[in-house]
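Presented below is the structure to which this report refers.
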Amino acid sequence: NSKVIQTPRYLVKGQGQKAKMRCIPEKGHPVVFWYQQNKNNEFKFLINFQNQEVLQQIDMTEKRFSAECPSNSPCSLEIQSSEAGDSALYLCASSLGTAGNTLYFGEGSRLIVV
Amino acid sequence: GQQVQQSPASLVLQEGENAELQCNFSSTATQLQWFYQSPGGSLVSLLSNPSGTKHTGRLTSTTVTKERRSSLHISSSQTTDSGTYLCAIVDMGYKLTFGTGTSLLVDP
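Protein sequences appear in the order of chains A and B. Just so we're aligned, residue 2 is where the first sequence starts under our numbering, counting upward by one. Just so we're aligned, residue 99 is where the second sequence starts under our numbering, counting upward by one.
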């Protein structure tokens, strides 16, 4: 069973609404990743953190998405103004480190934008 | 950027048969993971194998780093093995690049 906890499992939002997803990484894992898996099962890397600091993020994440991993609180990914194309499975993963370490995924939050 | 190709795209087996899944990648990999994704979407890490051969249960992965390829062998397949198998690579950066996946269906 996954030790990375993601909530909610499902969320439905109207276009233009905010959508927020949370992730509790596995205990002791300082590195957290967010991925988007679309309806074609293609994975897109969004952002990753080491402790509270952003390591890498893509352009899309900089513009409409915001993410944080505060200390002693769940990590979060928020879409400021949802678009139909944002409908996807959002997967959070955690790891002990960066290069060479195994990633452990949560069960994902499925966003449907109507 | 890194490209990861998997073959075959889909595979249908009878229960008890063996499966051989292939993964080819375009750049140096510091980590390679095989994942299983259930129809419901949960992603489960099967093996981390950046080089050499590793076994776990009925699974064997062999990665030849110089040739930028990895295989996943599933022996004595069961109906519960049905799902999508994904190969993912970490290159010199931090992020994981996923392959296109192999959809496996094991018939009883």
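Here a beta-carbon is modelled for each residue, glycine too, at the ideal position from N, C-alpha and C. Remember, predicted model here, so these are calculated numbers, not experimental data.
- The beta carbon of valine 188 of chain B is closer than 6 Å to those of Thr128, Gln129, Leu194 in its chain, skipping five residues each way along the sequence.
- For histidine 153 of chain B, the uninterrupted beta strand (DSSP E) run begins and ends at 150-154, by DSSP.
- Serine 77 of chain A is a Cβ neighbour of arginine 23 of chain A, given a cutoff of 7 Å.
- Burial is judged here by how many other beta carbons sit within 10 angstroms of a residue's own beta carbon; tyrosine 11 of chain A has fewer than 16 and is exposed.
- Restricting attention to B:Ser108, B:Leu203, B:Ser105, B:Arg167, the CA atom closest to the CA of glycine 150 of chain B is found in B:Arg167.
- Excluding the 5 residues flanking it on each side, serine 124 of chain B has same chain C-beta neighbours closer than 8 Å at Gln100, Gln101, Val102, Arg166, in chain order.
- Relative to the Cα of cysteine 121 of chain B, the nearest Cα in the group B:Ser173, B:Thr178, B:Ser169 belongs to B:Ser169.
- By the rule that beta-carbons nearer than 7 Å mark a contact, glycine 109 of chain A touches chain B.
- Non-local C-beta neighbours of glutamine 18 of chain A in its own chain, meaning closer than 6 Å and more than five positions away in sequence, comprise Ser83, ordered along the chain.
- Secondary structure at lysine 14 of chain A: strand, using DSSP grouped into helix, strand and coil.
- Residue contact with chain B for threonine 8 of chain A: absent (no Cβ-Cβ distance below 7 Å to any residue of chain B).
- For the pair serine 201 of chain B and threonine 178 of chain B, the CB atoms are not nearer than the 7 Å cut-off.
- By the rule that beta-carbons nearer than 7 Å mark a contact, leucine 47 of chain A does not touch chain B.
- Counting the other CB atoms within 10 Å of its CB gives threonine 126 of chain B a total below 16, which places it among the exposed residues.
- Annotation: the stretch 113-180 of chain B contains the following complete segments of the beta strand (DSSP E) (minimum length 3 residues), in chain order: 117-123, 129-135, 141-146, 150-154, 157-162, 167-172.
- Residues of chain A with a Cβ closer than 7 Å to the Cβ of phenylalanine 196 of chain B are, in chain order, Phe44.
- Within 8 Å of the CB of lysine 193 of chain B, the CB atoms of chain A belong to Phe34, Phe46, Asn49, Gln57, in sequence order along the chain.
- Restricting attention to B:Gln104, B:Ser105, B:Ala117, the CA atom closest to the CA of aspartate 205 of chain B is found in B:Ala117.
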